[in-house]
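Written below as structure tokens is the structure these notes are about.
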Amino acid sequence: MSDLVSIFLHLLLFKLVAPVTFRHHRYDDLVRMLYKVHNECPHITRVYSIGRSVKGRHLYVLEFSDYPGIHEPLEPEVKYVGNMHGNEVLGRELLLQLSEFLCEEFRNRNQRIVRLVEDTRIHIMPSMNPDGYEVAAAAQERDISGYLVGRNNANGVDLNRNFPDLNTYIYYNEKNGGPNHHLPLPDNWKSQVEPETQAVIQWIRSFNFVLSANLHGGAVVANYPYDKSLGHRVRGFRRTANTPTPDDKLFQKLAKIYSYAHGWMHQGWNCGDYFPDGITNGASWYSLSKGMQDFNYLHTNCFEITLELSCDKFPLQGELQREWLGNREALIQFLEQVHQGIKGMVRDENYNNLADAVISVGGINHDVTSGAHGDYFRLLLPGTYTVTATAPGFDPETVSVTVGPAEPKLVNFQLKRSTPQAAPKRKIPNSGHRGRVLPKKVQPRAARKKETMMKQPQRGPA
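If you count by mature numbering (1 follows the signal peptide of the UniProt record, and there is no 0), then the sequence shown holds residues -19 to -1, 1 to 443, one letter each, in order.
In structure tokens form, the structure reads like this:
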């Protein structure tokens, strides 16, 4: 009897974890799907909201970790953001598929996925612009065509042109000197951005994200920073304006990882465009100001690329399964790229964790900082580097590190407090009085007596 009950429960459970159907999900369906995945894998997932849209819809995130809700020191954080433009919907559906896939494969003890979830904290936001999506989906149902219908948020603002412009400052600093990372925001930045943008900025300032991808549509290419060119040319201008970051080779590798793991992106010819290796520098394609990709790199420790995933911004439902199969391996491989370069702890002499210590790599003019727990992560290509950790009030420490192609190299720093420099002592001539300094114009009593005797008139011999 117990065997029959066991079989019945197994069949019921199998029914509950059936794969996501390949269809488009409106907001309510999306929310149900996120909680469905959480209920299927409650010990490795958490659903949380980072804020609300203009229309009050939650900006939900599904987290995967062996300790959901907790940052484990030396475990990197990575994120995916989809549907920033409401009418570019494939990323939204792919991230729902990915969520179900991670849950199912973890339950099936797929060792690759188990290792990924146990060693990485993954944050998945299927939709940054749920209001725009609802407009785009309603237009599709009414068969209303329009390339831009639903693209913007409910206030009519393009969210990928809404982040504070930090490129202008970094280009000035590169030329004239100044900070090369964590550029500050204007005092009034909150009044200049939309609710969705503000929520994302506060989110990425709250987590020490290391790697990220932003999923779009309308082309098939992996796009890496900078997005804004020095001359800020507009799309369609014949001359290109390649504007590389100090980490250009690393960004090219990250983009190629996705492109070559993708079913057809690496072929280059897609949607009437040609991109060698299926990748492009953003500003070389067209210049974009106030984008999220550059903002991540210039204001936080996060390295983000933009993935353009489909020629059709709102693909037909029948195309979703093919798109999932073409992107599934690439989505997993990109997550795995967070485990490269160097990482470690920054502590003081008493083994206290040091937050906001600056990690500099010789020859790369872009620093990162340690997080609130004292751990840092620096993505690097294989090679030998000179790495320096600095913190206010401490002596810097520099080491030479050789990075391999596999797991990240563990490099810890223990900084010593700076010894205050003593003020130079003024040299005093030897007075013959055991080093005592006499007050100005004051003489020893014996000297005064001798001087008085010298001043008296001398008598001659009697």
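Glycine included, each C-beta is placed from N, C-alpha and C at the ideal position.
None of the values given here were measured: they were computed from a predicted structure.
Item checked: A203 in three-state terms, based on DSSP -> strand
Next item on the list: Could you spell out where the beta strand (DSSP E) holding G63 opens and where it closes?
Entry: If you look at G63, you'll find it in the beta strand (DSSP E) that goes E58 to G63.
Note to self: According to DSSP, simplified to helix, strand and coil, what is G263?
What the structure shows: helix
Next item on the list: Grab me the residues of A336's own chain with a C-beta within less than 7 Å of its C-beta, minus the 5 sequence neighbours each way, in chain order.
Entry: S351, G352, A353 and G355
Item checked: Outcome for S412 when other beta-carbon atoms lying within 10 angstroms are tallied against a minimum of 16 -> A caution first: S412 carries a pLDDT of 41, below 50, which makes its placement in the model unreliable, though a value can still be read off. Counting Cβ neighbours within 10 Å, S412 comes out exposed, since fewer than 16 surround it.
Next item on the list: Using the Cα positions of Y255 and G249, report the straight-line distance between them to the nearest angstrom.
Entry: 5 Å
Item checked: Three-state secondary structure assigned by DSSP to E53 -> coil
Notebook entry, point to check: By Cβ distance below 6 Å, which residues in the same chain neighbour residue 446 in space, the five residues on each side in sequence not counted?
Noted result: This structure cannot speak to residue 446, because the chain is shown only from -19 to 443.
Notebook entry, point to check: So L43 is in the beta strand (DSSP E); what residue range does that whole segment cover?
Noted result: H39 to F45
Note to self: On the CB-based measure, 16 or more other CB atoms within 10 Å of its CB, does I340 come out buried or exposed?
What the structure shows: buried
Notebook entry, point to check: In or out: I31 buried (at least 16 other Cβ within 10 Å) or exposed?
Noted result: Here I31 is buried, its C-beta having at least 16 other C-beta atoms within 10 Å.
Notebook entry, point to check: Going by alpha carbons, who is nearest to W266 out of R132, N157 and S210?
Noted result: S210
Check: Ends of the alpha helix (DSSP H) at E115?
Finding: P111 to E122
Next item on the list: Report the partner residues of F284 according to the DSSP bridge assignment.
Entry: Paired residue(s): L192.
Next item on the list: Please report the residue range of the alpha helix (DSSP H) in which F256 lies.
Entry: No alpha helix (DSSP H) contains F256, which DSSP labels as neither H nor E.
Checklist line | Three-state class that DSSP yields for H163 in the structure shown | finding: coil
Next item on the list: Buried or exposed for P420, please, with buried defined as at least 16 other CB atoms from any protein chain shown within 10 angstroms of its CB.
Entry: With a pLDDT of only 41 at P420, under 50, the local geometry of the prediction cannot be trusted, and no value is derived from it.
Next item on the list: Identify whether W250 lies in helix, strand or coil by the three-state DSSP scheme.
Entry: Three-state result, W250: strand.
Notebook entry, point to check: CA-CA distance, N334 and A180?
Noted result: 28 Å
Next item on the list: Specify whether the stretch 181 to 198 and the stretch 271 to 284 touch according to this definition: at least 3 beta carbon pairs, one from each stretch, less than 8 Å apart.
Entry: As far as the Cβ criterion goes, the stretch 181 to 198 touches the stretch 271 to 284, which means the pair count is three or higher.
Margin query: For G322 and T367, what's the separation of their Cα atoms in angstroms?
Written below: 13 Å
Notebook entry, point to check: Three-state secondary structure (DSSP) at R359?
Noted result: Of the three classes helix, strand and coil, the one that applies to R359 here is strand, per DSSP.
Check: In the structure shown, what three-state DSSP assignment does A370 receive?
Finding: strand
Check: Under a three-way DSSP split, which group does R102 fall into?
Finding: strand
Next item on the list: Could you tell me if E74 is buried or exposed, where buried requires 16 or more neighbouring beta carbons within 10 angstroms of its beta carbon?
Entry: buried
Check: Just the Cα atoms here: how many angstroms apart are C22 and L15?
Finding: 11 Å
Notebook entry, point to check: What is the DSSP secondary structure of L396, reduced to helix, strand or coil?
Noted result: strand
Checklist line | Top-ranked residue by Cα proximity to S381, from L391, G158 and N346 | finding: L391
Check: DSSP on G352, reduced to helix/strand/coil?
Finding: coil
Next item on the list: Could you tell me the boundaries of the beta strand (DSSP E) in which D329 lies?
Entry: I323 to D329
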